[in-house]
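Okay, so here's the structure we're looking at.
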Amino acid sequence: VEQRLVTARASVITPRLTLIVIRDITEHERVEQMRRDFVSNTSHELKTPVGAITLLAEAIDSAADDPDQVRRFAARLSAEASRLGQLTSRIMNLSRLQSADDLTELRDVSVDEVVAAAIESQSIAADAAGIAIVRGGARGAYVRGDVQVLTEAIGNLVANAVAYSPPGAQVGVGVKADDRVVEIAVTDRGIGIPEGDQERVFERFYRADQARSRRTGGTGLGLSIVKHAVQRHGGEVELWSRPGRGSTFTVRLSVVEPPENTLVKGSRRT
Ligand code: ADP
114 VEQRLVTARA SVITPRLTLI VIRDITEHER VEQMRRDFVS NTSHELKTPV
164 GAITLLAEAI DSAADDPDQV RRFAARLSAE ASRLGQLTSR IMNLSRLQSA
214 DDLTELRDVS VDEVVAAAIE SQSIAADAAG IAIVRGGARG AYVRGDVQVL
264 TEAIGNLVAN AVAYSPPGAQ VGVGVKADDR VVEIAVTDRG IGIPEGDQER
314 VFERFYRADQ ARSRRTGGTG LGLSIVKHAV QRHGGEVELW SRPGRGSTFT
364 VRLSVVEPPE NTLVKGSRRT
């Protein structure tokens, strides 16, 4: 009887164990597939600037007798090299956000500081296009997070709002906060995003058709970074857009109590 019981138990246990192992392999396969896709998309995207740099270097070499042409090619080479630099650093940031590593610099972060730094990071591009970035709404909210990651995320939204707006337009960055949630909304009156593209724009390297012809400098990684950065902070990002009317990207994060010293100064959230 003892013998039979043991066998019976084993046959109950074994299928369960098998199931767990299968699930584990599937998850492992999925992660492995994502990694392979990432490496393959990335290598493909890197080939374009690397190819251009190689060609321009050869062109400079063969134009050695013509200083004007050398200067022109050198300027284009430098632009391609800086694009390659931007692409590489975005790929590294995205890969860090996608990895299981913890965010290292967690602290209480002032949303006002994040928004101000994000706007500042785009001021040269905005000035060049005659675009005013208007900051409105609540002050004094704090979130728990990595200030650099959050600033890059909001900066990417402001960069897009500027890039996909007509010259002279206005871009808004509005903040709303209550005791639980802070919302940071970046609004433009630019080209907008067709409905069919709205989910896909958060995928890495995805660019809507209009954008591809309009803004050659884009990497297609900005919104993917935004999505992962916000998710790593336990938040969410929402998109409203109408072609020809504009877009609003809203980031929602949980708030934390302002640090003690700001309470003492009386600058409590309103
Ligand atoms: P990119 O470097 O191409 O801007 P992103 O990942 O930041 O890459 O954005 C992906 C695509 O989403 C863009 O190529 C563009 O088609 C669309 N997009 C993003 N933000 C806006 C916006 N504010 N207005 C219109 N289209 C946008």
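UniProt numbering applies: residue 114 is where the sequence shown begins, and numbers increase by one.
Glycine included, C-beta positions come from ideal geometry on N, C-alpha and C.
Given the structure is predicted, the values throughout are model-derived calculations rather than measurements.
Collapsing the DSSP output to three states places Ser-153 in a helix.
With a cutoff of 7 Å, Thr-155 does not count as near the ligand ADP, since its C-beta is closer than that to no heavy atom of the ligand. At a Cβ-Cβ threshold of 8 Å, Ala-238 and Ala-272 count as neighbours. Membership of Gln-261 in the alpha helix (DSSP H) is indicated by the continuous run 260-276.
Contact between Arg-203 and Ile-304 is ruled out by a C-beta separation of about 22 Å, above the 8 Å threshold. Remark: C-beta atoms of Val-368 and Ala-276 do not approach each other more closely than 8 Å.
Here DSSP, grouped into helix, strand and coil, assigns Gly-285 to strand. In this structure, DSSP gives Asp-322 a helical state, which the three-state scheme calls helix. The alpha-carbon of Asp-221 is positioned some 25 Å away from that of Val-247.
Ranked by how close their Cα comes to the Cα of Thr-332, the residues Ser-234, Lys-160, Gly-243 and Gly-357 have Lys-160 in first place.
One Cα belongs to Glu-145, the other to Asp-291, and the distance between them is close to 41 Å. DSSP places Leu-219 in no alpha helix (DSSP H) but in the uninterrupted beta strand (DSSP E) bounded by 219-223. Burial state of Ile-138 is exposed, judged by a 10 Å Cβ sphere holding fewer than 16 other Cβ atoms. Shown here, Asp-301 sits in a strand according to DSSP, grouped into three states.
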